[in-house]
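Below: the structure, in structure tokens.
Numbering (our numbering), first residue to last: 4 to 133.
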């Protein structure tokens with residue numbers, strides 16, 4: 004008896020600078036650049052896993068990052084929650100250096116949320132032109 008796995012190609016496009024486009028994600032995931040900007044890889048994976056594991060209503064059922072509304076699982080919500088967590092931590096830390104690092108992490112997480120919004124805006128803008 005033999006078994007075989009059906010090969011599914013989840014990767015649509017990948018570039019170090021442009022990011023990676025997966026079949027199941029609406030947005031391009033640019034994890035290498037996000038890490039280079041100062042974010043923690045495990046933190047990124049944590050946010051992406053919260054987005055992908057959520058079972059709320061999506062605007063496109065086959066795309067993980069299309070949760071409708073500002074709620075758990077929505078990209079803007081999850082990145083904002085990550086940033087807010089670092090902001091709260093920054094207020095509680097005892098040393099100036101630790102507080103500065105926490106504020107930096109909050110700014111980076113907020114920036115990733117902003118990058119998502121810009122990408123979606125540009126994608127819709129250029130789609131409308133065609």
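Built from N, CA and C at the ideal position, the CB exists for glycine as well.
Keep in mind that this is a model prediction, so the values were computed, not measured.
Mind checking residue 108: buried by the 16 CB within 10 Å criterion, or exposed?
-> As a first step, residue 108 is located in the chain shown; it is residue number 105 there, counting from the start. Buried, because 16 or more other Cβ atoms sit within 10 Å of the Cβ of residue 108.
Buried or exposed: which applies to residue 38, given that a residue is buried once 16 or more other Cβ atoms fall within 10 Å of its Cβ?
-> Here residue 38 refers to the residue found at position 35 of the chain shown. Its Cβ having fewer than 16 others within 10 Å, residue 38 is exposed.
Just to check, is the beta-carbon of residue 28 closer than 7 Å to a non-hydrogen atom of the ligand NAD?
-> The model on display carries no ligand, and the ligand NAD is accordingly not part of it.
Report yes if the C-beta distance between residue 112 and residue 82 is below 8 Å; otherwise report no.
-> As a first step, residue 112 must be located in the chain shown, where it is residue number 109. As a first step, residue 82 must be located in the chain shown, where it is residue number 79. Taking the C-beta atoms as reference points, residue 82 is found nearer than 8 Å to residue 112.
Assign residue 78 to one of two classes, buried (16 or more other C-beta atoms within 10 Å of its C-beta) or exposed (fewer than that).
-> Here residue 78 refers to the residue found at position 75 of the chain shown. Buried is the call here.
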